[in-house]
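Student: Convert by adding 2 to the 1-based position in the sequence shown; the result is the number in my numbering. Where a beta carbon is used, it is the ideal one built from N, C-alpha and C, also for glycine. Let me begin by handing over the structure; questions about it come next.
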Amino acid sequence: MCGIVGYTGSDTAKDVLISGLKRLEYRGYDSAGVALERAAGPGGGAICLDIVRRVGKVAGLESELAHRDDASTCGIGHTRWATHGRPTTANAHPHTSCDGRIAVVHNGIIENFAELRAELESRGHRFASETDTEVFAHLIEEAYDGRPDAGVPATGDLMAAVRAACTRVVGAYGLAAVCADEPGVIAVARKDSPIVVGRGERGSYVASDVIALIDATRDVVVLEDGQFARLTPEGIEFSDEQGRPIEPDVTHIDWDIDLAEKGGYPDFMLKEICEQPRVVRDTLVGRLSPTGELDIDELGLSFEELDLIDRVYVIACGTSYHAGLIAKNLIEAWARIPCEVEAASEFRYRNPIITPSTLVVAVSQSGETADTLAAIRDARIKGAKVFGITNVVGSPVARESDGVIYTKANKEIAVASTKSFIGQVVSLTLLALLLGQVKGKLTVGQVRMLFRELGDTAAQIQWILDTQREAVHEAALACKDAPSALFVGRGMGAAISYEGALKLKEVSYLHAEAYAAGEMKHGPIALIDPGFPVIAVATDSPVYDKVVSNLKECEARGANIIALATEGDEDIRRIADHVIYIPPVRDAFCAITASVPLQLLAREVAVMRGCDVDQPRNLAKSVTVE
């Protein structure tokens, strides 16, 4: 959700903040704002806070600040994905105290904000927004100034006031605050919402994501829940909930920021689709030993522990959930272990059957998805082993899991996940192979063969990117003006269809559904009328003939059929209006290759419809609130 950034040092703060907010805009772009310290008068001396907020993307805020001659060297900024309160200027962050001396930016949800707001209003506090965040500004103000009427002494210290305010709040927060009475100081707090801080040559930095800091420093501290940081131009002090000094772990970031730039592509989505051959290769490199055993250095679980596993749950949300559906097929086929896939948002509320021999696999691109983290914690309390699949080193999912596989997708900027999804599928395939090997269901020779074929998918994806663009374009023309579309497939193709439908919805705003093709006659076929787009995964598989039979039912009703088929299949052209090909590939791996044309199709339709494919409306890259 929302992105926050803060800087205190020797550089011009507004430039640092705008640069950071642009890189964090994937987290939300309903509004943006900054709070900058400046001299209250021409003669210097007293400091005040200059608050600038704009509805819409960061570019609007940047344009406004460009006209201001502001040499401030300390400030905080925010880009918002709206939860409590509409996307308006009044609801944009930063939010301030009654006297305007304290400003806060916040990512998260304050669950008891209504009670706190009523309490604060009863004591004379005036609220200017509909947001939950604003209660933080007033709570900090009270703690800073004290309540003489109630015998509550003033802290007179921003860090202490933030710590006191946090004790009153129920919910999640990544928070940064500044106070005009303490120039150059930024107070930071974290609970269930990501915060990273770092020290560079030119000052101290805080952000929701390391991408905003990476030009300044590669060594960052990822705050844990209940940890606080006090930033000054001279350095950073860390403390716990009681105010005691701590020395947190430092994480080194080694990925290349150049990969977060468009590099000549018209949008990040296309760039990231085209990076998927590299993602496959990078995720696999070094993960097969010379003896033919899988070698996952982040595993964290012994082969003996894995051999005891008798049930697997894959928990995830959105695109990651669809990666889990693919993993279910592979784990049950290769390891012969029952595997269930569940939405993380539902998992912890239904009291699932968990024993010490249960493995819970938590899949999250960002590693900070609130529902997934809550499910992890619930599973650990119940005694399960937890394994994380994530793209972000040092993320909460990685830290709270017994073991982890990093997807090596590097930073993904476009909100709709593409390369991270492929990285997840490859990583989950590795896990399925590992479980099959540990359980004795796959021989060393079989693992070597499957690993080699898995690596071949990198070149197969490149073939699709090089040869199928025109076919994708023609198929997109058939979809762009339709009010709805239906995706169908069987077996592995059904799982792929769900992801294809989601991508189309996310970036083109065209309604789409996905169904197992065998279920067509049980309701969905009622949707079919002349010209209705049906996108079918009809690749070479044990259920190919069944899929073709289902497509003939659609053809008879005048559907406009777009078939995703295996290269060399000319028979499919007899019933399909458009055909997009993938190279011949084992059915177990077709999810990796077949997903790519569906990503391209979704993007092409969105471009034709004039949609912003990188920042679709109402969405954010990372969902850090429930």
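Suppose the cutoff is 7 angstroms on Cβ atoms and the five residues either side in sequence are ignored; what does the same chain contact list for Val224 look like?
Tutor: Val198, Thr253 and Gly396
Student: For Ser422, which residues from the same chain have a beta carbon less than 7 angstroms from its beta carbon, with the 5 sequence-adjacent residues on both sides left out?
Tutor: Gln367, Asn393, Thr409, Ala411 and Glu414
Student: Based on DSSP bridge pairs, tell me the residues matched to Pro155.
Tutor: In DSSP, Pro155 forms no bridge with anything.
Student: Quick one: Cα of Gly126 to Cα of Gly87, how far?
Tutor: 22 angstroms
Student: Is the separation between the beta-carbon of Ala174 and that of Ala145 shorter than 8 angstroms?
Tutor: For the 8 angstroms CB-CB criterion, Ala174 and Ala145 do not form a contact.
Student: So Leu118 is in the beta strand (DSSP E); what residue range does that whole segment cover?
Tutor: Premise fails: Leu118 lies in the alpha helix (DSSP H), Phe115 to Ser124, not in any beta strand (DSSP E).
Student: Take the Cβ of Thr91 as the centre, count every other Cβ of all protein chains shown within 10 Å, and call the residue buried at 16 or more, exposed below.
Tutor: Exposed, because fewer than 16 other Cβ atoms sit within 10 Å of the Cβ of Thr91.
Student: Could you give the distance in angstroms between the alpha-carbon of Ile6 and the alpha-carbon of Ile78?
Tutor: 7 angstroms
Student: For Glu243 and Lys193, I'd like the C-alpha separation in whole angstroms.
Tutor: 11 angstroms
Student: In whole angstroms, what separates the C-alpha of Glu628 from that of Asp373?
Tutor: Residue placement at Glu628 is flagged as unreliable, the pLDDT there being 47, under the threshold of 50; a coordinate-derived value is accordingly withheld.
Student: Which runs of the alpha helix (DSSP H) fall wholly inside the stretch 236-260 and span at least 4 residues, in chain order?
Tutor: Whole alpha helix (DSSP H) segments, 4+ residues: zero.
Student: Mapping the DSSP letters down to three states, classify Tyr207 as helix, strand or coil.
Tutor: strand
Student: For the candidate residues Arg82, Ser33, Leu26 and Asp312, whose alpha-carbon lies nearest to that of Gly62?
Tutor: Ser33
Student: Going by DSSP in three states, Gly560 sits in which element: helix, strand or coil?
Tutor: coil
Student: Apart from the five residues just before and just after Ala163, which ones in its own chain have a Cβ nearer than 7 angstroms to its Cβ?
Tutor: Ile142, Ala145, Tyr146 and Thr157
Student: Where do the ends of the alpha helix (DSSP H) carrying Tyr500 lie?
Tutor: Met494 to Ser510
Student: Let me know the beta strand (DSSP E) ranges lying completely inside the stretch 285-342, each 3 residues or longer, listed in chain order.
Tutor: Every beta strand (DSSP E) stretch that sits fully inside the stretch 285-342 and reaches 3 residues is listed by chain position as 313-318.
Student: Would you kindly check if the distance between the Cβ of Arg29 and the Cβ of Ser195 is under 8 angstroms?
Tutor: Taking 8 angstroms as the Cβ cut-off, Ser195 and Arg29 do not qualify as a contacting pair.
Student: Pull up the distance between the alpha-carbon of Asp269 and that of Asp616, whole angstroms please.
Tutor: 7 angstroms
Student: When the Cα atoms are used, what is the spatial distance from Cys341 to Ile317?
Tutor: 11 angstroms
Student: Does any C-beta atom of chain C lie closer than 8 angstroms to the C-beta of Val427?
Tutor: In the displayed structure, chain C is absent; only one protein chain is listed.
Student: Go to Ser65, then tell me how far its alpha helix (DSSP H) extends in each direction, as first and last residue.
Tutor: Val60 to Ala68
Student: By a C-beta neighbour count over all protein chains shown, 10 Å radius and 16 as the cutoff for buried, is Thr626 buried or exposed?
Tutor: Its pLDDT being 45, under 50, Thr626 is placed unreliably by the model, and the measurement read from it follows with that caveat. Buried: at least 16 other Cβ atoms inside 10 Å.
Student: Report the partner residues of Val54 according to the DSSP bridge assignment.
Tutor: Secondary-structure assignment with DSSP links Val54 through a beta bridge to Val36.
Student: Quick check on the burial criterion: 16 or more other C-beta atoms within 10 angstroms. Buried or exposed for Ala608?
Tutor: Taking all protein chains shown into account, Ala608 has 16 or more neighbouring C-beta atoms within 10 Å of its C-beta and is therefore buried.
Student: State yes or no: is the C-beta of Leu19 within less than 8 angstroms of the C-beta of Gly102?
Tutor: no
Student: Give the DSSP bridge partners of Gly8, in chain order.
Tutor: DSSP, once it has assigned bridges, lists Ile78 and Val208 as partnering Gly8.
Student: For Leu215, I'd like the list of residues in its chain whose CB is within less than 7 angstroms of its CB, leaving aside the five on either flank, ordered along the chain.
Tutor: Val198, Gly200, Tyr207, Ala209 and Val222
Student: Can you round the beta-carbon distance between Ala377 and Phe349 to whole angstroms, since I take them to be within the 8 angstroms contact cut?
Tutor: 4 angstroms
Student: Would you give the residue range spanned by the beta strand (DSSP E) that Cys181 belongs to?
Tutor: Per DSSP, the unbroken beta strand (DSSP E) holding Cys181 starts and ends at Tyr175 to Cys181.
Student: Apply the 10 Å Cβ neighbour rule to Pro532 and answer buried if 16 or more other Cβ atoms are within range, or exposed otherwise.
Tutor: exposed
Student: Does DSSP classify Thr626 as helix, strand or coil?
Tutor: With a pLDDT of only 45 at Thr626, under 50, the local geometry of the prediction cannot be trusted, and no value is derived from it.
Student: Candidates Ile248, His580, Leu437 and Thr135: which alpha carbon is nearest Trp83's?
Tutor: Thr135
Student: For the candidate residues Leu375, Gly385 and Ile424, whose alpha-carbon lies nearest to that of Arg401?
Tutor: Leu375
Student: Use the C-beta contact count for Lys523: other C-beta atoms within 10 angstroms, 16 or more gives buried, fewer gives exposed.
Tutor: exposed
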